[in-house]
Amino acid sequence: MKKTVFPLTVLLLAVLFQGCSGTKPYPKQSNDNIAVTTKIDPGYVVSSMKAYMNVYKFDAACKENYLGTIQLDKERISSGVDVNEDMQFYVVFATSSFLSVFFPELNGSMGVPVNIKTRKGYTYEFGVVYKDDIYNVEVFEVNDSTKKRQKLDYENSTCQS
Numbered sequence: 068m069k070k071t072v073f074p075l076t077v078l079l080l081a082v083l084f085q086g087c088s089g090t091k092p093y094p095k096q097s098n099d100n101i102a103v104t105t106k107i108d109p110g111y112v113v114s115s116m117k118a119y120m121n122v123y124k125f126d127a128a129c130k131e132n133y134l135g136t137i138q139l140d141k142e143r144i145s146s147g148v149d150v151n152e153d154m155q156f157y158v159v160f161a162t163s164s165f166l167s168v169f170f171p172e173l174n175g176s177m178g179v180p181v182n183i184k185t186r187k188g189y190t191y192e193f194g195v196v197y198k199d200d201i202y203n204v205e206v207f208e209v210n211d212s213t214k215k216r217q218k219l220d221y222e223n224s225t226c227q228s
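Written out as structure tokens, the structure is:
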């Protein structure tokens, strides 16, 4: 009987901790007006780098409402967001290391907020890059009919972070 108590306890704790993480997957949308190209240098042998994007929608008072998180674990990911909305895409680069038990400074994260007022008839392309200890996020607005591409500032929205 003791042998079954330990695995059940571990399973229960895993479920509880997963529920406390505070992140939820961003739901699949019917429209694909967001494209993210990710290029992450894997880092050093003792550490790893990962990226993800938290998606928020601003309400009328410019208060952020968390919609979910997109894991940037593939080279290209497509998703969608509502049009004619003030949105924030918070790109996070997170470093982790198995040596962090001894050197906590080896773990860390850096975030880049990108605020956009989405428009009907446009696609938003993100370039997320980490290479040689340099983080870079670029965002372009692409007119779906003319294919004209325009680079956007991080603060291209009615609401600012």
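Taking my numbering, I'd label the letters of the sequence shown as residues 68 to 228.
We put the CB at the ideal spot given by N, CA and C, even for glycine.
From a predicted model like this one, the values you see are computed outputs, not experimental measurements.
Here D153 is buried, its C-beta having at least 16 other C-beta atoms within 10 Å. Taken through DSSP and simplified to helix, strand or coil, G194 comes out as strand.
Selection I144, K218, G135 evaluated against A102 yields I144 as nearest (Cα-Cα). When C-alpha distances from T90 are compared across V179, N121, N98, Q96, the shortest belongs to N121.
A residue is called buried once 16 or more other Cβ atoms fall within 10 Å of its Cβ, and T185 is buried on that count.
In this chain, the beta strand (DSSP E) harbouring K218 covers 216-218. Comparing alpha-carbon positions, the option among F156, V206, T225 lying closest to L134 turns out to be F156. Counting along the chain, R143 sits inside the beta strand (DSSP E) bounded by residues 143-146.
With respect to the 8 Å criterion, M116 and D108 are classified as neighbours on the basis of their beta carbons. Residue burial annotation: C226 is buried, with at least 16 other C-beta atoms found within 10 angstroms of its C-beta.
Within its own chain, the residues whose Cβ lies closer than 6 Å to the Cβ of E205, once the five positions on either side in sequence are excluded, are G194, listed in chain order.
K124 sits in a strand when the DSSP states are folded into three classes.
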